[in-house]
Structures are given as structure tokens and as C-alpha cells.
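Protein sequences, first through last, are from chains A and B. Position 165 (the first sequence) corresponds to 164 in numbering that gives the first Met the number 0; numbering is contiguous. Position 54 (the second sequence) corresponds to 53 in numbering that gives the first Met the number 0; numbering is contiguous. The C-beta atom is built at its ideal place from N, Cα and C for all residues, glycine as well.
Number of protein chains: 2
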Amino acid sequence: MDIHQAIKERKSVRRYRPDPVPAEKLATVLDAMRLAPSGRNAQPWKFIVVRDAGLKEKLVEACNGQRFVGEAPVVVVGCGWEQRAYSKMGGYWNSLSVDVAIALDHLTLTAVAEGLGTCWIGSFKEDTVKEILGIPQEVKVIALMALGYPAVEPEAKPRKSLEEVVVFDSWD
Amino acid sequence: MDIHQAIKERKSVRRYRPDPVPAEKLATVLDAMRLAPSGRNAQPWKFIVVRDAGLKEKLVEACNGQRFVGEAPVVVVGCGWEQRAYSKMGGYWNSLSVDVAIALDHLTLTAVAEGLGTCWIGSFKEDTVKEILGIPQEVKVIALMALGYPAVEPEAKPRKSLEEVVVFDSWD
Numbered sequence: 000m001d002i003h004q005a006i007k008e009r010k011s012v013r014r015y016r017p018d019p020v021p022a023e024k025l026a027t028v029l030d031a032m033r034l035a036p037s038g039r040n041a042q043p044w045k046f047i048v049v050r051d052a053g054l055k056e057k058l059v060e061a062c063n064g065q066r067f068v069g070e071a072p073v074v075v076v077g078c079g080w081e082q083r084a085y086s087k088m089g090g091y092w093n094s095l096s097v098d099v100a101i102a103l104d105h106l107t108l109t110a111v112a113e114g115l116g117t118c119w120i121g122s123f124k125e126d127t128v129k130e131i132l133g134i135p136q137e138v139k140v141i142a143l144m145a146l147g148y149p150a151v152e153p154e155a156k157p158r159k160s161l162e163e164v165v166v167f168d169s170w171d
Numbered sequence: 000m001d002i003h004q005a006i007k008e009r010k011s012v013r014r015y016r017p018d019p020v021p022a023e024k025l026a027t028v029l030d031a032m033r034l035a036p037s038g039r040n041a042q043p044w045k046f047i048v049v050r051d052a053g054l055k056e057k058l059v060e061a062c063n064g065q066r067f068v069g070e071a072p073v074v075v076v077g078c079g080w081e082q083r084a085y086s087k088m089g090g091y092w093n094s095l096s097v098d099v100a101i102a103l104d105h106l107t108l109t110a111v112a113e114g115l116g117t118c119w120i121g122s123f124k125e126d127t128v129k130e131i132l133g134i135p136q137e138v139k140v141i142a143l144m145a146l147g148y149p150a151v152e153p154e155a156k157p158r159k160s161l162e163e164v165v166v167f168d169s170w171d
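What follows is the structure, encoded as C-alpha cells:
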């Protein structure tokens, strides 16, 4: 699928069919994630692919009751080490968050081409997620991602116009 | 261009031809950026497209002497408001960094399809960038992105194997 079409068609899917994600499709979207760039090519990440029903049920609670986390056949948990990332350069730059977000974005767009849906999950209790999956103390959880076949056509959300979000050469 | 091909072909470009980015191609990559998802669809971002040679020269210094920042015909500065983002949910989640990273990733992949190169810039002095471009106090600079025609074929960086970065159902 054309890249621009994938970007246009990607929507947040919060209703999933129970069908599992075929192994070949899962391998394709995980490979797209793996190929992502990261600051100084540090690849300071690790991704937990959760398919176990009991674990997903526990993650529903950790994600503040979001039911689709339990319905999605796959939940990818994006983790990483701040110590292994490019480093904070001062200011607002946060290498680890940016790195893991890029990798998960690659997954979302490739999923569209594979006929799969995804949803970014930012509402979660990090400590609880870590406890459920046995994630070590020094590892951060950056974001979770639901993955599976959409059960319904998701709603398209409106976006601001280019004029609202882009300026040229200076802020004003 | 196919999404998976774009992901495979994207490389960090640090040598640029002086040719300007054609208006139509610039509009295409900016549109891909604009269409990105963000927490609660807040779109808490603003992007400054810098093409002025004098400003880019100043940005070289702000980016700790990285010469290609001045050579690239376009530098996109990814900014945002933490107050307008989905919010920190506690833990490590940082909505604004993730949102802006997704948008800039859309730009990088679409650029490949347009025959353009990009490079993520994480090494910059935020306060200096803000001063150069007149960015308000309350706005954060998340990352900068160089954009233009590659002058040379960039080096492909090796990536870890899937086995190294993905685990199933639990950390261990």
C-alpha cells in the first residue's frame, strides 16, 4: 500500500474481531518497527508482544479499564532504557520517547497495509504494567499499542488545516 | 511507494543538494505530518518550516555545529504545548513528545516516496532555537528535521534482529 494512502487510512481502532493476527502479518509489522531509526542508532528498546488472554485482561485494569485492550488479539508494549538512549540533550528533547514513538508509528502504518487496525494507548499505570509483565525497575514503558482486525469501520477524526499547524521561517 | 519499502529505504541524510524542495513535494510531506494521530486528537503542535538561509545558518550553531542543518534547503522545527497535549498520565508517558514524533515520522516516510531525504536532529539547544525563531516561552521544541534532496547515497545502519528486540508475553 502506498505510504500516503496508509497515512490517510490509519484510524484509531477500539473494536476488534477475536481472530488472531496471522503469524506472517505479525512478523511484517514487527519488522517495520524493528527497522525504525533511533538517536545514534542506539535502538534502546524492547517490545513485549502480549497475546495471552489472562495477561491482556490484567492490562485492561492497568490501562484504566479500556476494554479494547483485552479484546485486541495482540497488545504491543513499547519499553526502553533511558541510559541506553541517545541522551537528553538538555531542553525538552527526550530521546527514548521519540525513538519508541517512531518504532510504534512504523508498526501502525504497516498494519494498515496488512488490513489490520491499531490504537495508541497512552492512558496506563506504568508501575502496574511493569508488575504484570515482569519488566525490570530501570526500564520505562513509553506506550502500548493494540493490534488486530477491526470489528467496525473506525471513525475518522478531523484534523486542523495546514495553515493552522505550519508557519514559515518564524513563529509569528 | 509501498509503505514497507519506504521504511526500508529511509536513511539519515546528512549531505544535501542545494536544490530547493519543490512546493508540491513540500506540501505532500507536510500534509502527511498534519494527518498524524495525537493523544485525544489534541494536535498540540506547530511546525516551523525554515527555508531562510540566514536563519538556517543560526540554527547550525543552535544544533551544536551540525553543518547539514545549514545545507538542507528546509529545516522543520517540531514544537508543541504541553498544556494542550493529552497530558502526562503519570509514569513515563509523555504525550507531547510522542505526538510530535509521530507527525515527524510521517514526514520522513513520505519524503522517501518523494525522492527526498531527511534527518532527525535531537542535538540542539532548545533555548537558542526558541530565541532564533521567536518561539514563545510556554512552547516546547521536541525535535528538528532536515529535508531536501540527498547529495550522496546515505549509509544504511545495521539494526538488531527481531529476536533481540521482541519478546512474547513476558519480559523474560
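| Query | Result |
| --- | --- |
| Nonlocal neighbours in the same chain, by C-beta distance under 6 Å from residue 50/A, ignoring five residues either side | 73 |
| Interface residues of the stretch 92–122 of chain A facing chain B [CB-CB below 7 Å] | 92, 93, 94, 96, 97, 100, 101, 104, 105, 108, 109, 112, 119, 121, 122 |
| Reduced DSSP secondary structure (H/G/I, E/B, other) of residue 134/A | coil |
| Chain B within 9 Å of residue 59/A, Cβ atoms only | no |
| Cross-chain neighbours of residue 85/A in chain B, by beta carbon under 7 Å | 121 |
| Exposure of residue 112/A, with buried meaning 16 or more beta-carbon neighbours within 10 Å | buried |
| Three-state secondary structure (DSSP) of residue 24/A | helix |
| Neighbouring residues, chain A, relative to residue 42/B (Cβ below 9 Å) | 158, 159, 163, 164 |
| Test: residue 26/B CB closer than 9 Å to a CB of chain A | yes |
| Residue 35/A versus residue 53/A - alpha carbon distance | 30 Å |
| Members of the stretch 12–24 of chain A near chain B, C-beta cut-off 8 Å | none |
| Extent of the continuous beta strand (DSSP E) run through residue 140/A | 139–147 |
| Terminal residues of the beta strand (DSSP E) in which residue 76/B lies | 73–79 |
| Any C-beta of chain D under 9 Å from that of residue 67/A | The displayed structure is made up of protein chains A and B, and chain D is not among them. |
| CB contact check: residue 144/B to chain A, cutoff 9 Å | no |
| Environment of residue 146/A [buried if 16+ CB atoms lie within 10 Å] | buried |
| Local Cβ density within 10 Å of residue 160/A, reported as buried at 16 or more and exposed below that | exposed |
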